[in-house]
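**Q** Counting from 4, one number per residue, gives the positions in the sequence shown under my numbering.
Below is a structure I'd like to ask you about.
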Amino acid sequence: FINKLDRPSLEPLELLDVIDRQLQLHPVPMNWPLGAGSGFRGVFDRRARQLHFFERVPGGAFRAPVTVVDRLDEAAAERMDPADLRRVLEEIAVLDGVGEAFDLEAIRAGDMTPVFFGSAANNIGVQLLLDGYLELSAPPRPQPTASGTISPEDPRFSGFVFKIQSNMDPRHRDQLAFVRVCSGRFERDMKVLHSRTGESLRLSSSHKVLGRERETVDEAFPGDVIGIVGHAQFRIGDTLTQDASIVFQGMPRFLPEHLGFLHCPNAAEFKRFRTGLDHLLQEGVVQTFTLRAAVSRVPLLGAVGPLQFEVLQHRLRAEYGADSRLEASPWTLLRWVAPASVAAMREDLLPIGARLAEDGDGRLVALFVKEWDCRYFLEQHPGIALSTLPSDAAAPKPA
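What follows is the structure, given as structure tokens:
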């Protein structure tokens, strides 16, 4: 769902290109915005070939009144700026002519994603999104594990943590781990194995979550999502299971394109700063890296875009009462070192200004000042392999 179309933004075609390049998913728009910013009037349902014109609802308090019409050109001309209408007609013609064709199997295989446009704050396009979700959602499917696949019908309970959210209840500063049930039956108070640590845990505080509301859940089945409270050791991608042989493949991690050091400018706030940063790192708001032989305690953070840093700093201030200062790093390119190349990788082999570091899971990464430095390094050391994605297993440290 591409939100906030009532505000200035990139052009819709540019947004689709970002999804294609950054997420490696083929986007197929299910609807198309009619105007943008202050001129945003509604959406065009591409499959039904209908126009949905909305009236703005302050704060999204109730469903926005909508007028549905079938004639794109004539009906839109009465409600839209002529220049916006011409642009919309051209964009829809391009999508119909050369855009990605809707393919439900590709969507369910994870190769394609449906895209909906709207403005949640004004309740515009939300109902179309919900209707599309119900129509396109797949039933529980076999999930890949380290030793094969596991079927939803398998009686052994298994699930994985796909999201962690801190401070959903600010009074208690708790963390809620969202777990998708993949097989078997979940029962409150059941004991499970936390595969990453090998610990046996009792899941006694389980909830169904809707917004800020929680409701205790006593049982859940494949496809259900439950919230677990009280286990600070959970990380995104962790497996919870009754059988040690079931270990789900890790969640995908995106390549950081922006690196920076985050300082705590006020020593009196350092404890709150550190606590908040640890919680937000568990959520995956940004990624953390540790320089080899670093003498400073200042964390090096990586993000796909600068907005992630802004969100991090805002939440540190709003939720933990800690100010922060972001310092740009000299490195603009990060690559993971392939496990087979870790033993051969030394810092004295790197170009001037480049450094070695480790990610939050102990995997070795190389930091380069410029892309040219990385290309030159690989030309000089063809036996060393670098990757834009980490390996599933933590790489051993070189001697």
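Here a beta-carbon is modelled for each residue, glycine too, at the ideal position from N, C-alpha and C.
The structure presented is a predicted model; accordingly, all values stated were derived computationally and were not measured.
Write down the C-beta distance between A369 and R338 rounded to the nearest angstrom, noting that I regard them as a contact closer than 8 Å.
**A** Taking the sequence shown and counting its residues from 1, one reaches residue 369 at position 366. Taking the sequence shown and counting its residues from 1, one reaches residue 338 at position 335. The pair is a contact, with the Cβ atoms about 5 Å apart (cut-off 8 Å).
**Q** Rounded to the nearest angstrom, how far is the Cβ of D362 from that of Q290, given a contact under 8 Å?
**A** On the sequence shown, position 359 is the one that residue 362 refers to. On the sequence shown, position 287 is the one that residue 290 refers to. Rounded, the Cβ-Cβ distance is 7 Å, consistent with contact.
**Q** Rounded to the nearest angstrom, what separates P85 and Y136 at their Cα positions?
**A** Along the sequence shown, read from residue 1 onward, the residue named residue 85 stands at position 82. Along the sequence shown, read from residue 1 onward, the residue named residue 136 stands at position 133. The alpha-carbon atoms of P85 and Y136 are separated by roughly 33 Å.
**Q** Can you tell which of Q53, S122, A112, R74 has its C-alpha closest to the C-alpha of R10?
**A** Residue numbering aside, residue 10 sits at position 7 when the sequence shown is read from its first letter. Answer by Cα proximity: S122.
**Q** Which term fits P399, buried or exposed, when burial requires 16 or more other beta carbons within 10 angstroms of its beta carbon?
**A** Residue mapping note: residue 399 aligns to position 396 of the sequence shown, counting from 1. Because the pLDDT of P399 is 34, which lies under 50, any placement of that residue in the model is unreliable, and the question is left without a value.
**Q** Quick one: any contact between the stretch 204-217 and the stretch 172-192, if contact means 3 or more CB pairs under 8 Å?
**A** These segments touch.
**Q** Return the chain-ordered ranges of every beta strand (DSSP E) run that is complete within the stretch 299-360 and spans a minimum of 3 residues.
**A** Segments of the beta strand (DSSP E) lying fully in the stretch 299-360: 303-306, 328-331, 336-340.
**Q** Can you tell me which of P143, I167, D20, V129 puts its alpha carbon nearest to the alpha carbon of T116?
**A** Translated into positions along the sequence shown, residue 116 becomes position 113. The shortest C-alpha separation from T116 is found at D20.
**Q** To the nearest angstrom, how far is the alpha carbon of S327 from that of Q311?
**A** For this step, residue 327 is matched to residue 324 along the sequence shown. For this step, residue 311 is matched to residue 308 along the sequence shown. One C-alpha to the other measures close to 14 Å.
**Q** Of all the options F105, N126, F380, which has the alpha carbon lying nearest to the alpha carbon of K7?
**A** Here residue 7 corresponds to residue number 4 of the sequence shown, with the count starting at 1. The candidate whose alpha carbon is nearest that of K7 is N126.
**Q** Alpha carbon to alpha carbon, how far is R188 from R111?
**A** Counted from its first residue, the sequence shown places residue 188 at position 185. Counted from its first residue, the sequence shown places residue 111 at position 108. So the two alpha carbons sit approximately 24 Å from each other.
**Q** Cβ atoms of V118 and P30: under 8 Å apart, would you say?
**A** Reading the sequence shown from its first residue, position 27 is the one you call residue 30. Reading the sequence shown from its first residue, position 115 is the one you call residue 118. Taking 8 Å as the Cβ cut-off, P30 and V118 qualify as a contacting pair.
**Q** Beta carbon of R82, beta carbon of R44: below 8 Å?
**A** For the purposes of this step, residue 82 is identified with residue 79 of the sequence shown, where counting begins at 1. For the purposes of this step, residue 44 is identified with residue 41 of the sequence shown, where counting begins at 1. Going by C-beta atoms, R82 is nearer than 8 Å to R44.
**Q** Give the straight-line distance between the Cα atoms of F371 and A357, rounded to the nearest whole angstrom.
**A** If you number the sequence shown from 1, residue 371 lands on position 368. If you number the sequence shown from 1, residue 357 lands on position 354. Near 5 Å, if we compare the C-alpha coordinates of A357 and F371.
**Q** Roughly how many angstroms lie between the CA atoms of V69 and T278, to the nearest whole one?
**A** Translated into the one-based positions of the sequence shown, residue 69 becomes position 66. Translated into the one-based positions of the sequence shown, residue 278 becomes position 275. Those two C-alpha atoms are separated by around 46 Å.
**Q** Reducing DSSP to helix, strand and coil, say where K166 ends up.
**A** On the sequence shown, residue 166 is found 163 positions in, with the first residue counted as 1. DSSP places K166 in strand when its eight states are reduced to three.
**Q** Just to confirm the assignment, what range does the alpha helix (DSSP H) spanning T278 have?
**A** Along the sequence shown, one-based indexing puts residue 278 at 275. Counting along the chain, the alpha helix (DSSP H) containing T278 begins and ends at 273-286.
**Q** Mapping DSSP to helix, strand and coil, what is N125?
**A** As a first step, residue 125 must be located in the sequence shown, where it is residue number 122. Residue state, collapsed to three classes: helix.
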